[in-house]
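These notes concern the structure reproduced below.
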Amino acid sequence: MVVTTTHTIEGRPIQDYLGIVTGEVIVGANLFRDLFANIRDIVGGRSGSYERILRDAREQAIQELQAECGSLGGNAVVGVDLDYEVIGDTGSMLMVSASGTAVRI
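Using numbering that gives the first Met the number 0, you'd call the opening residue of the sequence shown number 0 and step up by one each time.
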C-alpha cells in the first residue's frame with residue numbers, strides 16, 4: 000500500500016477518492032524512562048528510549064491508517080499528516096495521530 004504526504008502519486012492516477020482515514024495511538028510514559036530522560040536533559044544527549052517510543056507509536060498509527068484504508072477498498076493513502084500531542088493532567092501520555100485520504104490508484 001502506498002502511503003505518502005503528497006496529494007498525488009506521480010505516474011499513478013487516482014481512480015477513486017474513498018474518504019478520510021485516521022490512526023491514533025496513545026502511549027504512556029514510564030517512570031524510569033522519565034527519570035533517565037530528565038538526567039539527559041541536564042547533562043545533554045539524546046533520549047533513545049523516547050525516540051523508540053515515538054517511532055513505534057508513529058508506525059502503529061500508520062498501520063491503523065493503512066488498515067482503515069484497506070477496509071474501504073483502497074490501496075493508497077495520500078496527503079498524510081502526522082501529529083504529536085502530549086496529553087494527560089501531568090503530560091505523561093503521548094498521542095500520535097495520522098490522517099490522510101484513502102484512494103484507489
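All residues carry an ideal CB built from backbone N, CA and C; glycine is no exception.
These numbers come from a predicted model, not from an experiment.
Taking all protein chains shown into account, do 16 or more other C-beta atoms lie within 10 angstroms of the C-beta of Val77, making it buried, or fewer, making it exposed?
Burial call: buried.
Less than 8 Å separating the beta-carbons of Val102 and Leu64?
Result no, Cβ atoms of Val102 and Leu64 do not sit closer than 8 Å.
Please list, in chain order, all residues of the same chain as Thr3 whose beta carbon is under 7 Å from its beta carbon, the five residues on each side excluded.
Here the set comprises Val77, Val79.
Using 8 Å as the threshold, is the C-beta distance between Ile25 and Ala75 below it?
Contact: no.
Buried or exposed: Val85, going by 16 or more other Cβ atoms within 10 Å of its Cβ?
Result: exposed.
Comparing alpha-carbon positions, which option in Thr5, Gln14, His6 lies nearest Gly73?
The shortest C-alpha separation from Gly73 is found at Gln14.
Using alpha carbons as the reference points, say which of Arg11, Gly22, Thr5 lies closest to Gly69.
Closest option to Gly69, Cα to Cα, is Gly22.
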